[in-house]
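Participant: This is the structure I have questions about; it appears just below.
Residue numbers (the working numbering), protein chains in the order written: chain A, 133 to 749; chain B, 133 to 749.
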């Protein structure tokens with residue numbers, strides 16, 4: 133009897149109740165967020181702009197794995213909403229706080245000297261009968277919404293595994309969209325411009341070949357997703373501050389024009405391994421009435437944590453050239469010799485090997501580039517293929533693929549660095565991990581120490597091929613953590629990082645401004661595969677989270693001029709290439725072509741020399 | 133036409149032909165190995181003892197994954213034996229060499245001062261029409277056979293993935309066997325003694341609960357597998373020198389009494405990622421007519437590479453006690469406080485926490501143990517639970533679970549080491565990785581440096597729980613490589629390693645004699661779960677590959693004396709415990725009980741003090 137009475141009392145006190153909700157407006161009042169709990173205690177939000185719906189009622193929360201967290205067993209769940217695996221219903225409103233924030237901060241580098249961070253915030257504390265607590269924090273800016281989920285320490289929930297996130301974005305129409313097919317491993321695709329209703333029939337053909345790719349099932353697209361409504365609104369969905377969490381793709385229900393988050397699984401299919409206190413990334417919905425405002429938006433950066441580094445004096449813009457394009461175009465090779473069927477580092481004796489004569493990163497060629505780069509006042513020269521192991525680095529998912537410290541016999545690492553420094557430029561280090569992340573971590577301390585020893589202050593890292601640990605994806609949570617570890621270790625050693633094939637940036641360069649570049653999109657190296665117009669879309673999409681090392685500046689468009697066996701033309705003009713230095717802000721800018729291709733066009737090249745990398749200083 | 137002629141010529145030259153075979157005898161002539169290729173070019177071996185079959189005709193080789201290695205595409209395979217995924221048929225004999233070897237070597241530690249390595253060898257070079265080469269090397273000793281597969285550098289095969297190994301052991305009868313159920317993650321089971329025909333009905337119940345276990349499908353057992361034939365022969369199947377390869381289990385066909393190797397898969401189900409030149413481990417079949425010869429056999433060690441370390445002066449036997457058993461028996465705890473629902477290292481502030489008062493590794497208790505151990509002339513004292521993180525280390529598959537360097541507030545690491553040294557003993561470090569191997573590697577250099585700084589020269593490592601990277605197993609190839617990396621790094625820092633829950637040893641302590649112990653079997657900590665007789669079996673099975681840190685020496689058999697809430701009695705006598713110091717050779721021997729339990733039996737304890745750890749010096 134007593135037990136029944138207690139249960140009745142509990143039911144009365146903590147019953148799931150529909151909660152009519154809260155409203156939050158942007159500082160200028162144009163954007164309005166509504167939040168409520170429905171009759172099942174399920175959180176629902178919607179977003180409107182000047183009274184018109186942009187995001188219709190959309191569900192929120194997570195589906196959990198039934199694991200052994202105590203909160204799974206704390207309440208009898210039968211017949212109630214909020215089953216043990218539900219973080220998407222069965223909530224009551226425990227608390228609700230609104231606040232405002234208006235500060236201006238100074239980025240270490242960027243397109244402006246100051247950035248205003250001005251939002252109204254609503255934080256709702258949701259509680260389930262089991263004692264599990266989930267806070268949803270909404271920040272509404274004049275140009276868009278960000279929201280995330282937080283799990284405080286004081287919480288019945290401690291260790292939980294995410295089966296799926298069920299956050300929705302119910303769109304108000306069949307918008308025009310510029311999209312990439314959903315993928316757990318790459319963003320190196322051309323954009324497709326189509327109505328959302330057409331994605332279904334176009335998504336498979338949009339998924340062109342890549343060294344590492346894994347289709348998100350169903351009708352799926354990636355973020356950031358840029359859309360334009362028939363009313364002329366620009367709506368852009370992305371995420372900010374992806375830390376210790378997998379990357380989100382978007383699954384499309386094209387009957388109802390709803391998008392839903394679809395997280396990247398790890399090797400066991402788990403989509404997030406969480407330990408409270410913790411939080412999800414910010415899900416962002418930018419809403420502006422002018423395309424230029426998309427480019428001007430600092431929504432993503434503003435949602436990230438302030439700079440974590442005390443001393444940033446060592447971080448600086450870099451205009452560079454590279455012993456790189458000649459390998460991409462097959463004029464020369466990264467590798468040194470054809471003597472070995474395969475390489476076992478430490479056992480394979482390169483000193484006895486016969487060079488095949490096409491090794492790009494040899495002393496003479498590198499000095500030639502150093503001379504040209506120095507004469508033309510570049511800051512640095514990237515050299516790829518400097519280190520042992522390139523003979524069989526690709527296509528074998530090799531574990532011990534590079535050691536990141538041992539140069540080829542014809543690459544005098546100390547001497548070339550000294551030569552470069554004597555000419556006033558630095559060399560840029562190259563760490564192609566071949567996606568063997570455990571191997572990279574095993575060597576990274578010595579690799580960074582080598583950089584410090586010889587005066588490299590920037591590294592281009594790469595993740596070509598399928599990820600090791602086997603079964604993980606480029607965008608899985610453990611690999612997100614790997615990228616972050618490399619950035620943090622680099623910061624400790626005063627090293628700037630330009631990470632290629634890594635996860636698309638989500639504003640972490642505010643917190644770690646030594647992350648001066650990423651690739652994570654189809655860049656110049658895709659040559660004639662790049663659709664015209666691609667570079668007009670990227671600033672609205674890929675560049676939302678952080679700058680891109682697009683590697684522009686190609687002057688010789690005929691690929692057969694680099695290697696007679698190559699076919700294809702770059703599908704752009706020199707003027708287009710020059711324009712990219714203006715339209716693509718990046719603190720790291722490359723003039724990617726070969727010195728001999730610039731030589732006939734020194735008037736045009738002068739623009740590249742003159743154009744600022746940093747505009748406000 | 134030319135192409136057809138060439139193909140015809142090739143077919144004539146390299147046609148698969150049955151090869152009537154070779155015979156190899158042991159030095160004393162009692163064991164005889166026959167090897168041949170059958171009409172499909174499939175390698176077959178058998179083994180007999182004094183004319184009677186021990187292993188009947190048994191198949192050999194591998195099934196490969198059809199990957200992009202050039203050798204997959206080199207020959208048209210249609211209609212031929214030796215399809216592209218076959219390394220089990222389609223061979224011709226390209227070469228055959230016999231040799232003898234007779235040397236005596238000196239182990240750094242062991243049961244004898246010298247070990248004789250005396251065998252006759254047959255190396256057969258098998259070649260497929262594609263140009264793929266596989267060498268099978270047989271070594272026949274007076275007490276058994278070892279064979280392995282080698283893939284030389286000169287080979288059409290370079291990068292290949294193993295789908296399964298198809299090595300068989302066709303037994304001559306339904307032998308009596310002492311076996312453990314096949315498992316990818318643990319050997320911590322009681323042995324079952326039964327006929328092989330009974331394994332099927334007993335294997336599931338043999339698989340008692342464990343913190344990390346994954347049943348090998350079907351009717352499977354582990355190595356080493358000890359059997360006794362009705363004729364009184366002792367046959368023991370195991371492996372030696374498991375390096376960069378997964379661990380083998382044995383699958384039983386109990387209609388035909390055949391065992392077949394069943395390798396441990398990695399996270400993607402691949403059972404070996406190979407790059408020629410490379411080799412498999414040795415598969416070993418010990419055959420002796422007297423049980424004592426099983427214990428005397430040095431087959432496993434002899435098949436391993438000689439010592440790789442130049443300086444071994446820092447390696448020494450260790451007789452030790454531990455602040456450990458009191459936590460195993462729940463008298464005290466590894467953890468420090470109940471204040472936190474979970475721990476986030478670096479954020480959780482232990483200095484402000486209220487100790488729960490049951491932390492075993494506190495200064496006062498540790499000094500008490502140091503005093504007792506020093507008075508009684510022990511070499512060292514292990515302390516578990518000295519470091520931050522034990523509050524939630526277990527059951528959450530936590531990634532950043534320990535940092536291996538930060539002590540609890542009540543563990544004065546420098547002071548206790550100084551105190552121990554002043555009394556003439558060392559402390560033994562403890563690195564419980566909680567199976568989070570990537571995390572352990574991220575910290576291991578600093579962790580080993582800390583040991584060097586404070587005079588620890590030995591570490592007990594542990595791998596409790598499911599392995600991270602997710603999806604890998606304790607016995608998967610990448611994790612085999614992890615264990616080896618820890619041993620090698622330890623050797624560089626002059627550190628001895630006692631690895632618990634790691635892979636069962638296969639003789640690598642010959643090559644890396646700083647590996648002074650493993651657990652990899654059900655040891656003392658399983659308390660009343662241990663069947664009587666368990667320790668009489670272990671020397672024939674688990675101890676074949678290397679010593680075991682069995683942690684004997686329990687004098688107080690009533691568990692409630694340690695904690696009134698515990699039940700159960702150790703099912704052995706003090707005499708039994710003393711006997712283990714003689715029957716279980718190990719360069720690392722523990723007196724596992726508490727000082728207060730030895731105090732009433734100092735006469736018996738005197739035996740533990742007196743018994744040698746090293747017998748021949």
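Yeah, the Cβ is synthetic: ideal placement off N, Cα and C, and Gly gets one too.
Model, not experiment: these values are computed from the prediction.
Would you please verify whether the beta carbon of residue 741 of chain A is less than 9 Å from any beta carbon of chain B?
Facilitator: Judged by the 9 Å Cβ criterion, residue 741 of chain A is not in contact with chain B.
Participant: In terms of residues, what are the limits of the alpha helix (DSSP H) holding residue 507 of chain B?
Facilitator: 495–507 is the extent of the alpha helix (DSSP H) around residue 507 of chain B.
Participant: Per the contact definition of three or more C-beta pairs closer than 8 Å, is the region 287–303 of chain B in contact with the region 333–351 of chain B?
Facilitator: Contact fails: fewer than three Cβ-Cβ distances are below 8 Å.
Participant: Can you confirm whether residue 646 of chain A, when its beta carbon is compared against all beta carbons of chain B, has any partner nearer than 9 Å?
Facilitator: Not one chain B Cβ lies under 9 Å of residue 646 of chain A.
Participant: Considering only DSSP beta bridges, list what residue 629 of chain B is partnered with.
Facilitator: BP columns for residue 629 of chain B point to B:591, B:647.
Participant: Under 9 Å, Cβ to Cβ, is there at least one residue of chain A near residue 328 of chain B?
Facilitator: Residue 328 of chain B does not count as touching chain A.
Participant: I'd like to confirm the pairing. Which residues does DSSP put opposite residue 514 of chain B in its beta bridges?
Facilitator: Its beta-bridge partners are B:454, B:560.
Participant: So, is the C-beta of residue 733 of chain A closer than 9 Å to a C-beta in chain B?
Facilitator: Taking Cβ atoms only, chain B never reaches closer than 9 Å to residue 733 of chain A, which makes this a no.
Participant: Please state the DSSP three-state secondary structure of residue 613 of chain A.
Facilitator: Three-state DSSP puts residue 613 of chain A in a helix.
Participant: Using 9 Å as the limit for Cβ to Cβ distance, is residue 399 of chain A near chain B?
Facilitator: Closer than 9 Å: yes.
Participant: Cβ closer than 9 Å: which chain A residues qualify as neighbours of residue 290 of chain B?
Facilitator: Those are 473, 474, 524, 528, listed as they occur along chain A.
Participant: Report the option in B:199, B:693, B:720, B:422 whose CA atom is closest to the CA atom of residue 289 of chain B.
Facilitator: When only C-alpha atoms are compared, the closest one is B:199.
Participant: Per DSSP, what kind of secondary structure is residue 680 of chain A in: helix, strand or coil?
Facilitator: Reduced to three states, the DSSP call for residue 680 of chain A is strand.
Participant: Measure how close the beta-carbons of residue 609 of chain A and residue 404 of chain A come, nearest whole angstrom, since I'm counting them as under 8 Å.
Facilitator: Sure, about 6 Å apart at Cβ, within 8 Å.
Participant: Under 9 Å between C-beta atoms, does residue 268 of chain A make it to chain B?
Facilitator: By this cut-off, residue 268 of chain A is not an interface position.
Participant: Compare the C-beta of residue 616 of chain A against all C-beta atoms of chain B and say whether one is closer than 9 Å.
Facilitator: Taking Cβ atoms only, chain B never reaches closer than 9 Å to residue 616 of chain A, which makes this a no.
Participant: Please classify residue 734 of chain B: is it buried, with 16 or more other beta-carbons within 10 angstroms of its beta-carbon, or exposed?
Facilitator: Classification of residue 734 of chain B: exposed, given that the 10 Å Cβ count is below 16.
Participant: Interface residues of chain A around residue 335 of chain B at Cβ under 9 Å?
Facilitator: The premise fails here: residue 335 of chain B is roughly 26 Å from chain A at the closest Cβ pair, so nothing lies under 9 Å.
Participant: Shorter than 8 Å, the distance from the beta carbon of residue 183 of chain B to the closest heavy atom of the ligand NAP, or not?
Facilitator: Among the components modelled here there is no ligand, and therefore nothing to report on the ligand NAP.
Participant: Extract the residue ranges of the beta strand (DSSP E) inside the region 233–319 of chain A, only unbroken runs of 3 or more that lie entirely within it.
Facilitator: The qualifying runs are 247–260, 265–273, 276–283, 291–297, 300–303, 308–311.
Participant: Looking at residue 731 of chain A and residue 456 of chain A, is the spacing between their C-beta atoms short of 9 Å?
Facilitator: Not a contact, by the Cβ cut-off of 9 Å.
Participant: Would you list, in chain order, the members of the region 675–692 of chain A that have their beta-carbon closer than 8 Å to a beta-carbon of chain C?
Facilitator: The displayed structure is made up of protein chains A and B, and chain C is not among them.
Participant: Should residue 591 of chain A be labelled buried (16 or more other beta-carbon atoms within 10 Å of its own) or exposed?
Facilitator: Buried, by the Cβ-count rule.
Participant: Where do the ends of the alpha helix (DSSP H) carrying residue 110 of chain B lie?
Facilitator: Any answer about residue 110 of chain B is impossible in this case: the structure gives chain B only from 133 up to 749.
Participant: Within 10 angstroms of the Cβ of residue 204 of chain A, are there 16 or more other Cβ atoms? Answer buried if so, exposed if not.
Facilitator: With 16 or more Cβ atoms within 10 Å of its Cβ, residue 204 of chain A is classed as buried.
Participant: Listing by chain order, which chain A residues have their CB less than 9 Å from the CB of residue 573 of chain B?
Facilitator: Within 9 Å Cβ-Cβ: 570, 573, 574.
Participant: Between residue 413 of chain B and residue 371 of chain B, which are expected to be in contact by the criterion C-beta below 8 Å, what is the C-beta distance as a whole number of angstroms?
Facilitator: About 5 Å; that satisfies the 8 Å criterion.
Participant: What residue range does the beta strand (DSSP E) around residue 166 of chain A cover?
Facilitator: Where residue 166 of chain A is concerned, the enclosing beta strand (DSSP E) stretches over 163–169.
Participant: Quick check on the burial criterion: 16 or more other C-beta atoms within 10 angstroms. Buried or exposed for residue 274 of chain A?
Facilitator: Result: buried.
Participant: Which of the three DSSP states, helix, strand or coil, is assigned to residue 460 of chain B?
Facilitator: DSSP places residue 460 of chain B in helix when its eight states are reduced to three.
Participant: Does the separation of the CB atoms of residue 252 of chain B and residue 236 of chain B fall below 9 Å?
Facilitator: No.
Participant: Would residue 287 of chain A pass as an interface residue toward chain B - the criterion being a Cβ-Cβ separation below 9 Å?
Facilitator: Yes, residue 287 of chain A counts as interfacial toward chain B.
Participant: What does residue 371 of chain B pair with, by DSSP beta-bridge criteria?
Facilitator: B:415.
Participant: Taking all protein chains shown into account, decide if residue 332 of chain B is buried (16 or more other Cβ within 10 angstroms of its Cβ) or exposed.
Facilitator: It is exposed - the Cβ of residue 332 of chain B has fewer than 16 other Cβ atoms within 10 Å.
Participant: Please report the distance separating the alpha-carbon of residue 740 of chain A from that of residue 708 of chain A.
Facilitator: Distance between the alpha carbons of residue 740 of chain A and residue 708 of chain A: 12 Å.
Participant: For residue 751 of chain B and residue 278 of chain B, what's the separation of their Cα atoms in angstroms?
Facilitator: Because chain B in this structure spans residues 133 to 749, residue 751 of chain B falls outside the shown range and cannot be described.
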